[in-house]
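Reviewing the structure listed below.
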Amino acid sequence: MPTYTFDSSVIVAYRVRELPKDFVLSAVVIGELTAGAPDDSARKVYEAMRSEFHKDNALVTPTADDWLTASRILFWLSRGRKRKAGGKAPALLPGASQRMFLDALIAVSARRVGAIVVTQNWDDFKAIQYYCDVKLKRGAEFFKQ
């Protein structure tokens, strides 16, 4: 049976409050969700989820090597945008680089533990997948199962 992890986009889009026990949870995703929690109650739900997965050794935390690989992926993506634009990279929307870096961290650490990333953020993860052989699944496809 494959191991899955959700990107925060899936947790938000499908209003996931509880993950199946055979899942792994990304510490990066919990960071994103906690930082963007609409209220204290939601924050506590995310922190309890993190605590439970940590206790079960199912919390995936990026290693120093994961951080380096994610940095390289962003470098390569930036170089590709620059090359495609004829030498000058087009400006990104505010926060886009930071979000992409977090997605790269999720992808790299998921690959390390052999997890399939379920995401709504397909285009960004497909771009990352070019440099990181992570397995991906669309949220809609996953929830059809």
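Residue numbers for the sequence shown, in my numbering: 3 to 147.
Glycine residues also receive a C-beta, built at the ideal position from the N, C-alpha and C atoms.
Between Ala66 and Val110, the C-beta spacing is not below 8 Å. The C-beta of Val115 has fewer than 16 other C-beta atoms within 10 Å across all chains shown, which makes the residue exposed.
With fewer than 16 other Cβ atoms from the protein chains shown falling within 10 Å of its own Cβ, Ser43 counts as exposed. Nearest to Arg45 by C-alpha distance, out of Lys57, Asn59 and Leu35, is Leu35.
Sequence-distant partners of Trp124 (beyond 5 residues in either direction) whose C-beta falls short of 8 Å from its own C-beta, in its chain, are Leu138 and Arg140.
Under the three-state reduction of DSSP output, Thr71 falls in the helix class. Distance from the Cα of Met3 is smallest, within the candidate group Ile130, Ala129, Pro22 and Ala15, for Pro22. Comparing alpha carbon positions, the residue from Ala129, Gln122 and Leu79 closest to Ala15 is Gln122. As the crow flies, the alpha-carbon of Tyr6 is around 5 Å from that of Ala117. DSSP, read as helix, strand or coil, puts Val62 in strand. The Cβ-Cβ distance between Val12 and Ala60 does not fall below 8 Å. When the alpha-carbon of Gly33 is set against those of Leu70, Glu20, Arg113 and Pro64, the nearest one is in Pro64.
DSSP places Val47 within a helical segment (H, G or I) once states are collapsed to three.
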